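Scroll down for the structure; my scribbles are underneath it.
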Amino acid sequence: MKNFYSFLLGLFIVSTAAAQNVVFHDTFDDDKNNWTTTKDDYASYIKKGELIIENKSTNGAKWHLYKLGINSDEVDFDIEASIKVLSASKDTDTYGLVWSGYNDNSYYNVVRLTPDKQVQLYQYQKDKFDYYRPWSKEKYINGYKKTNRIKVVKRANITRIYINDNLVHQTGQNFYFGNKIGFILDAKMTIAIEEVKVTEFPKKIRVVDSYNPNLKIEKLPEIISSKEYEETNPVVSADGTILYVDRKYCDLNIGGAEKDDIWYSVKDVNGNWTPLKNIGRPLNNEGHNFVISSSPDNNTLLIGNTYKPDGSSKGSGVSISNRTIDGWEIPKEMVIKNYENKSKFVAYFLTSDNKHLLMSLERSEGYGLKDLYVSFRENDNTWSTPKNLGNVINTFEEDVNPFLASDGKTLYFASRGHEGYGGYDLFVSKRLDDTWTNWSIPENLGNVINTPGTELSIFLAAKGDKAYISRSKDIWEVTNTVKQDPVVLVKGKVYDAKTKQVLSAPIVYNNLKTNKELGTAISDPKTGSYSIVLPYGNLYSFMAEKSGYYAVTENVDVTNLTEYKEINVDLYLNPIEKGQTIRLNNIFFESGKFDLLSESFAELDKLFNILKENKKLQIEIAGHTDAVGSDSSNMTLSNNRANSVMNYLIAKGIDKSRLSAKGYGETKFIATNDTEEGKQLNRRVEFSILDL
């Protein structure tokens, strides 16, 4: 890199309320802007509608300052300059545009050309050069005595550079812009500038409608955000009671201060966070360890990197760990089909339904550097080939660290390619259908959350009222103003219906009308506790599943849910043994009729499968009613409903000799008939195991 001086024109851009404002424009018809300069080794002057600059020195280049006013950090702008080289000592001599310079000349950018049609872009900052586009020869660059039109377009943090209307470079990394422009030319060169134009635009960032400039963002107390260490990557449990963080530079880390460990805090009875604790082995080892996401049941964690069978570090990737009766298991590597990532960095997120894995990867089919993708859980528990979320979400730059809210639709992520306040800003978008490629235009979360620095991660509990953000080596909390679709958090325990002992069992929830599986969970091996998150808009059935048991299926209707809600529902597993009576909760008839509704088929198919697997199983199907109506009509109705269930099973292929049906009408109440809830309990279909 040659030492050089340059002729520099400084411009102060004055902000106005207009959509755009040409703050400087010179076509060099006269010298009204006092361009003429004459010294021993260079000269600048106006001649025939051009600004001529001659560098007469034998080594190095020259510059000359000329200030007009600027505030380019606060506004957007276009800088346009038309330049041609008239003479040079050799074809590889350089000339071009200097832009975004500061008064002390410690920072500036250069668009540099040569007569033999090469281009180079670089940034100078405090004696350091960053060549962000190395020399390359391009057909669209003109040679001697032919004009090259250079244009710099700055919108928020995004800068694009064009030469003769060809995009040469674009970046989202710029967030400081100086107030000078000028021209560079090597020794023994003469260049002509035909036009210089600077246009100012108000800085426009698409911010969420719910943005509140009066919001207060607060750092969590020192028991979480310590003075000594660095805490990043907050992950909050669905119920908001557990906080996992990645703690760095801590001597208490298992791998030492140079490695990352998982630490966690639990809220006490007063709702306050307790001091962070190291989660210990096997999740922490001698490598870099961090939690990526937590399932709503608090019994599954998505963990960064991979582990060997002995718990030692294996390498990059992503793993999953389930809670066992003895604590967390050694994480198991997740297998993603056709996995490719050209970047050395990656980010993941496991959605609340445990069926979708979001990723930030740099792949051949991407739109830019790192894009956001989704993989779907397959029947063998591997994950499908990553699917790009599309070019509404993804940009030419880095789009990273996805977080999908509990509603399954509201996506938060960090990006340098959408217009923001700094390097990486946090954005939000809504999924509009089930293709995973149709999204609303991302919106910036605003400058309470985002700064000129870097905001890389955000996490929310299922309620969505508080957001946890990683900033400046600490964890911060802020009220979330983005409206999400409401969800219900269903919590409870799984029991053996006969012994009332807690059980660990997988839990499945379905769309009751279509019987499509929508998500999974697992109950705690020690306590039997589980929780699932159900987004509004569906009628759900859910149940625990375990070999040797018949699950009592529960249902919840959240089609008209308007706000976050928590409910408690215990799940029961009935041992398949003689004498057991099991209620079929999800059997539905029209009022006063015995024709089965389609919502009943999932429950009946489950009973069919039990009968199919247990060839000697014989059952009686019993119908019951409440006290509304006459005794005789209720007896007839209950008998017809029991027979409808039996006939469904026979039609599916179960031998009639294994089935019997009987209506009991009003003879076996299990609850009061004075309330709607009691009447609903009395209106039921059950089956009893007669023989195995």
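Quick note: the sequence shown uses my numbering, first residue 6, plus one each step.
Glycine included, every Cβ here is placed at the ideal spot set by N, Cα and C.
Computed from a prediction, not measured in an experiment: that's the story for all the values here.
Here N573 is actually not in contact with V557; their C-beta atoms are around 15 angstroms apart, not less than 8 angstroms.
Selection A607, Q685, V633, M640 evaluated against K657 yields A607 as nearest (Cα-Cα). Annotation note: the region 452 to 535 contains the following uninterrupted beta strand (DSSP E) runs of length 3 or greater, listed N- to C-terminal: 462 to 465, 471 to 476, 479 to 484, 492 to 501, 511 to 516, 522 to 527. Looking at V563, T641, L544, E618, the one whose alpha-carbon comes closest to that of F593 is L544. Excluding residues up to 5 positions away in sequence, S348, S365, L366, E367, E403, D404, V405 lie with their Cβ nearer than 7 angstroms to the Cβ of K375 in the same chain.
Apart from the 5 residues on each side of it in sequence, K498 sits with its Cβ closer than 8 angstroms to the Cβ of V507, S528, T532, G533, S534, Y535, D575, L576 in its chain, given in chain order. Counting only residues of its own chain and dropping the five nearest sequence neighbours on each side, T176 has a CB closer than 6 angstroms to the CB of T164. Secondary structure note for E618: its alpha helix (DSSP H) is the uninterrupted segment 606 to 618. Between the region 76 to 94 and the region 140 to 153 there are three or more C-beta pairs closer than 8 angstroms, enough to call the two in contact. Cα atoms of S321 and E682: separation of roughly 53 angstroms, rounded to the nearest angstrom. Residue range 636 to 657 is occupied by the alpha helix (DSSP H) that includes S637. Taking C-beta atoms as the reference points, G584 and I694 count as a pair closer than 8 angstroms. DSSP, reduced to helix, strand and coil, places N114 within a strand of the structure shown. Three or more Cβ pairs drawn from the region 470 to 478 and the region 237 to 256 lie within less than 8 angstroms of each other, which places the two stretches in contact. Under the 10 Å beta carbon count, Q489 is surrounded by 16 or more other beta carbons and is classified as buried. The residues Y112, in chain order, have a CB closer than 6 angstroms to that of Q130 in the same chain once the five nearest residues on each side in sequence are set aside. Around the C-beta of D81, 16 or more other C-beta atoms lie within 10 Å, and the residue is accordingly described as buried. For K621, same chain residues with a beta-carbon under 6 angstroms away, outside a window of 5 residues either side, are L697 in chain order. The Cβ neighbour count for A647, taken over all protein chains shown within 10 Å, is at least 16; the residue is labelled buried. Per DSSP, the unbroken beta strand (DSSP E) holding E200 starts and ends at 194 to 207.
In the structure shown, the three-state DSSP call for K684 is helix. Exclusion of the five residues before and after V157 leaves I84, W104, I166 as the residues of its chain whose Cβ lies within less than 6 angstroms of its Cβ. The alpha-carbon separation between S215 and V28 amounts to approximately 34 angstroms. Annotation note: the region 25 to 56 contains the following uninterrupted beta strand (DSSP E) runs of length 3 or greater, listed N- to C-terminal: 26 to 31, 47 to 52. DSSP, reduced to helix, strand and coil, places S552 outside both helices and strands of the structure shown, so it counts as coil. Inclusion of Y569 and K468 in the CB contact set at 8 angstroms is warranted, their separation being smaller than that value. Residue pairing from DSSP places M364 in a beta bridge opposite Y353, Y378. Between the region 435 to 454 and the region 210 to 227, the count of C-beta pairs closer than 8 angstroms reaches three or more; the two stretches touch. Beta bridge pairing from DSSP links W278 with K272. In this structure the region 246 to 261 touches the region 292 to 310; the number of beta carbon pairs closer than 8 angstroms is three or more. Setting aside the 5 residues that flank it on each side, T204 is surrounded in the same chain by Q25, V27, D83, each with a C-beta closer than 6 angstroms to its C-beta; the list follows chain order. With respect to the 8 angstroms criterion, K122 and G148 are classified as neighbours on the basis of their beta carbons.
Partner residues in the beta bridge of P540, as assigned by DSSP, are V492. Bounds of the beta strand (DSSP E) holding Y136 are 133 to 142. Burial check for W140: the Cβ neighbour count within 10 Å stays below 16, so the residue is exposed.
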